Amino acid sequence: GIFNNVDQCPNTPQGESVDEFGCSDSQKDQPNPTRPKILALHGGGETASALESQQGMQDLQNALPEFEFIFAQSPENGGVWINDVPGGKDSYTEDRGWADTSINYLDTFVENNGPFYAILGYSQGAAMIPIYLANSDSSFDKALLFNGYMETLHHGLMDTVEEVAPFDIPALIFEGEQDVFAYGSAELAGNFSSPLHLVSSSADHHLPFSSDETFDQVVEFLRNSSSESVVENNNSSNQSNETMDDDEPIP
Numbered sequence: 001g002i003f004n005n006v007d008q009c010p011n012t013p014q015g016e017s018v019d020e021f022g023c024s025d026s027q028k029d030q031p032n033p034t035r036p037k038i039l040a041l042h043g044g045g046e047t048a049s050a051l052e053s054q055q056g057m058q059d060l061q062n063a064l065p066e067f068e069f070i071f072a073q074s075p076e077n078g079g080v081w082i083n084d085v086p087g088g089k090d091s092y093t094e095d096r097g098w099a100d101t102s103i104n105y106l107d108t109f110v111e112n113n114g115p116f117y118a119i120l121g122y123s124q125g126a127a128m129i130p131i132y133l134a135n136s137d138s139s140f141d142k143a144l145l146f147n148g149y150m151e152t153l154h155h156g157l158m159d160t161v162e163e164v165a166p167f168d169i170p171a172l173i174f175e176g177e178q179d180v181f182a183y184g185s186a187e188l189a190g191n192f193s194s195p196l197h198l199v200s201s202s203a204d205h206h207l208p209f210s211s212d213e214t215f216d217q218v219v220e221f222l223r224n225s226s227s228e229s230v231v232e233n234n235n236s237s238n239q240s241n242e243t244m245d246d247d248e249p250i251p
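Going by this note's numbering, the first residue of the sequence shown is number 1, and it counts up by one from there.
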């Protein structure tokens with residue numbers, strides 16, 4: 001059994017086995033079960049539905065029926081979480097409030113749809129996670145950052161992150177060796193106290209598929225109540241500290 005204060009599925013039928021969240025198989029199959037929620041942030045220039053329809057995201061949801069994935073839609077024009085630097089990649093911003101529209105939106109979204117067990121971001125959605133954590137009182141048990149980077153041209157945003165980091169939240173950072181975009185996952189990992197940095201030899205700029213060598217580790221990271229039980233992938237490597245230009249079209 002589990003304690004009532006962490007039981008996500010009360011009124012379990014007598015005699016049924018439950019998982020670490022207190023949910024039995026029959027409760028997971030109900031139309032509206034109470035499941036731990038994962039807040040998912042799409043890539044820049046995309047939509048919530050685009051992230052939800054990714055094969056890797058579909059595979060992850062199929063592997064984790066005990067979780068509910070909720071996809072937020074950026075409030076900014078063009079589907080970005082952080083607007084580009086005026087003047088292009090040779091310029092920068094100093095405004096610490098540059099992402100306030102998205103931060104305030106997410107605060108309201110979390111208040112209306114939470115609480116959330118974890119926050120997940122893809123591409124610019126992953127870049128948004130340390131910015132959001134540094135500027136919000138919203139709390140999550142875990143963070144997952146896929147194919148991400150740091151918004152290094154926004155100096156004000158980075159100053160705020162640097163003042164708060166490293167974050168103690170267990171974090172999984174994923175990158176694909178076949179990703180055609182610049183690699184910023186190593187810098188992302190540096191924002192967390194004990195990151196699990198996974199590198200796929202086959203993945204491009206997308207979440208890992210169920211056939212990927214890292215997929216089971218992603219699943220176990222979410223399922224395990226403690227990140228200490230997750231073994232770091234031996235394929236993790238010291239990647240280039242290059243970051244994606246803010247002016248790149250970011251999926």
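Note that CB positions come from ideal geometry on N, CA and C, so glycine has one too. All values reported here derive from a predicted model rather than from experimental measurement.
What are the start and end residues of the alpha helix (DSSP H) that includes residue i?
i	result
E52	A48 to S53
H155	H155 to V164
Y132	Q124 to N135
Q217	F215 to R223
D107	D100 to N113
L207	No alpha helix (DSSP H) contains L207, which DSSP labels as neither H nor E.
E187	S185 to A189
Do residue i and residue j have their CB atoms nearer than 8 angstroms?
i	j	result
N191	F167	yes
L120	I38	yes
T47	Q73	yes
D216	A203	no
L64	L196	no
I169	A143	yes
E157	E151	Sequence inspection shows Leu at residue 157; the Glu mentioned does not correspond to that position. A contact, by the Cβ cut-off of 8 angstroms.
T214	L198	yes
A40	I70	yes
E66	D19	yes
Measure the C-alpha to C-alpha separation of residue i and residue j and round it to an integer number of angstroms.
i	j	result
P130	C9	31 angstroms
V85	H155	10 angstroms
E228	Q124	Residue placement at E228 is poorly supported in this model, since its pLDDT is 40, which falls under 50; the coordinates still yield a value, given next. Whole-angstrom Cα-Cα distance: 27 angstroms.
D246	Y149	Per-residue confidence for D246 stands at a pLDDT of 43, beneath the threshold of 50, marking its modelled position as unreliable; the derived number appears in the next sentence. Their Cα atoms are separated by approximately 10 angstroms.
N135	S17	40 angstroms
P13	T34	15 angstroms
S200	E52	21 angstroms
N112	Y105	11 angstroms
K89	L153	7 angstroms
G44	A99	13 angstroms
S240	L207	Any reading at S240 is ruled out, since the residue's pLDDT is 38, under 50, leaving its predicted position unreliable.
N147	G15	43 angstroms
Q61	D95	37 angstroms
E68	A127	22 angstroms
Y132	F116	14 angstroms
A165	D159	10 angstroms
At what residues does the beta strand (DSSP E) containing residue i begin and finish?
i	result
I70	E68 to A72
E175	A171 to G176
I38	K37 to L41
V254	The question about residue 254 has no answer here: the residues shown for the chain are numbered 1 through 251.
A143	K142 to F146
Apply the 10 Å Cβ neighbour rule to residue i and answer buried if 16 or more other Cβ atoms are within range, or exposed otherwise.
i	result
T93	buried
V180	exposed
Q54	buried
S139	exposed
T108	exposed
G87	exposed
G56	buried
G176	buried
Could you check if residue i belongs to the surroundings of the ligand NAP, using beta carbon to heavy atom distance under 7 angstroms?
i	result
Y149	Judged by which ligands are present, the structure shown has none, so any question about the ligand NAP falls away.
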